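Asks: For what it's worth, the numbering used here labels the leading residue of the sequence shown as 424, then goes sequentially.
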Amino acid sequence: MPCAFAQEEPAAPASPHTVSGNVALMSNYVFRGITYTQNRPALQGGFDYAHESGLYAGIWGTNVSHKAINDASLELDLYGGYARSFGDWRFDVGLLQFYYPENPKLPGSDDKYNTLELYGAVGWHILTLKYSRTLTNFFGYSSASIGTGKGNSHGSGYLELNADVPLPQDFTLGLHVGRQWVRNYGEYDYTDWRAAISKTFGGGWTVSFAYTGTNASRTLWVADGKRLGTAHWILGLKRTF
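1) Take the Cβ of GLY444 as the centre, count every other Cβ of all protein chains shown within 10 Å, and call the residue buried at 16 or more, exposed below.
2) Can you give me the Cβ contacts of GLU525 inside the same chain, cut-off strictly under 8 Å, excluding the 5 residues immediately before and after it?
3) Within 10 angstroms of its Cβ, does LEU660 collect 16 or more other Cβ (buried), or is it exposed?
4) For the structure I just gave you, are there three or more beta carbon pairs, one from the region 608–624 and one from the region 467–486, closer than 8 Å?
5) Based on Cα-Cα distance, which residue from VAL516, ASN486, GLY572 lies nearest to VAL545?
6) With DSSP collapsed to three states, give me the class of GLU610.
7) For ARG602, I'd like the list of residues in its chain whose CB is within less than 6 Å of its CB, leaving aside the five on either flank, ordered along the chain.
8) Since ALA567 is in the alpha helix (DSSP H), which residue starts that stretch and which ends it?
9) At the level of alpha carbons, what is the spacing between GLY510 and HIS548?
10) Quick one: what's got a C-beta closer than 7 Å to ASN638's C-beta in the same chain, skipping five residues either side?
11) Looking only at C-alpha atoms, which of PHE521, GLN520, LEU478, VAL600 sits nearest to LEU552?
12) Assuming VAL605 contacts PHE664 under a Cβ cut-off of 8 Å, what Cβ separation, rounded to an integer in Å, is found between them?
13) Beta carbon of PRO436, beta carbon of HIS474: below 9 Å?
14) Can you tell me whether GLY563 is helix, strand or coil according to DSSP?
15) Have a look at SER532 and GLY572 and give me their C-alpha separation to the nearest angstrom.
16) Would you kindly report the start and end of the unbroken beta strand (DSSP E) that includes ARG507?
17) Using 10 angstroms around the beta-carbon of ALA654, count the other beta-carbons present and answer buried if the total reaches 16, otherwise exposed.
18) Going by beta carbon distance, what residues of the same chain come within less than 7 Å of SER507, once the five residues before and after it are set aside?
19) Taking a contact to mean a Cβ-Cβ separation below 9 Å, would you say ASP534 touches LEU519 in this structure?
20) Would you call the CB atoms of ALA491 and ALA646 closer than 9 Å?
21) Measuring alpha carbon to alpha carbon, tell me which residue in THR595, HIS577, SER576 is nearest ASN585.
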């Protein structure tokens, strides 16, 4: 018979490290209001590492259209930064590298789409304000690739405001508005918006349905004769593990 006064084994200390993954099937890959799969489905996924100190890093990938991103089929996003919460406030700063393994170039030039951004965000309750600024050319935009002699596009910026409104039955309403500025190439500037509804289920599953739109130029934001910034409906299924 076991002793009634036997001491239980002490619980193992919680690890300061957290690793998670995600995979998603989307009806369209839309980034900042622009479709990069030309309204075709996208298989996406990635891994994230976080330390209790607030440091984090991750990788995420998606297929893209070789016509929207010239001669590319895959986008990889590599990122890392520092994030902390203090009561109702959240802060986040980091670097994001958009990388295309085939190293595609804009038509008629040697300028590559690969882009590095520095970002900072502050959140309060359901709201998050974020600003991103390129440390390289904006997806290869330069005098050579655009052909206007206006110089490079280093320092292009994107400002966005997001709201995640919790609803009953594990539903969430997501609202977004953003403004993209392309330095020296203001004709490519635009505003985008998105409204989405999502529901989480057991096992890390999430289903989402979104509508996006922009006022991007209908003559400039075009690939293979198709407008990239028109309104899009997006259906998604995602699992986090």
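The beta carbon of each residue, even a glycine, is placed where N, CA and C say it ideally should be.
These figures come from a predicted structure and were not determined experimentally.
Replies: In this structure, then:
1) Burial call: exposed.
2) Once the five neighbours on either side are set aside, the close Cβ partners of GLU525 are ASP494, ALA495, SER496, LEU497.
3) When all chains shown are included, LEU660 counts as exposed.
4) No: fewer than three Cβ pairs fall under 8 Å.
5) Comparing alpha carbon positions, the residue from VAL516, ASN486, GLY572 closest to VAL545 is VAL516.
6) In the structure shown, GLU610 sits in a helix (DSSP, three-state: H, G or I).
7) Around ARG602: LEU582, THR614.
8) Per DSSP, the unbroken alpha helix (DSSP H) holding ALA567 starts and ends at 566–569.
9) Near 9 Å, if we compare the C-alpha coordinates of HIS548 and GLY510.
10) Within the same chain, TYR613, THR614 come within 7 Å of ASN638 by CB-CB distance, once the 5 residues on both sides are set aside.
11) Nearest C-alpha to LEU552 among PHE521, GLN520, LEU478, VAL600: VAL600.
12) With 8 Å as the limit, VAL605 and PHE664 do not qualify as a contact, their Cβ atoms being about 37 Å apart.
13) Not closer than 9 Å, so no.
14) GLY563 sits in coil when the DSSP states are folded into three classes, being neither helix nor strand.
15) Each residue's alpha carbon lies about 13 Å from the other.
16) Its beta strand (DSSP E) spans residues 497–509.
17) The residue is exposed, with fewer than 16 neighbouring Cβ atoms inside 10 Å.
18) With the sequence shown as reference, residue 507 is identified as Arg, and Ser is not the correct amino acid for it. So the qualifying residues of the chain are GLY477, PHE514.
19) No, Cβ-Cβ distance for ASP534 and LEU519 is not below 9 Å.
20) Result yes, Cβ atoms of ALA491 and ALA646 sit closer than 9 Å.
21) When only C-alpha atoms are compared, the closest one is THR595.
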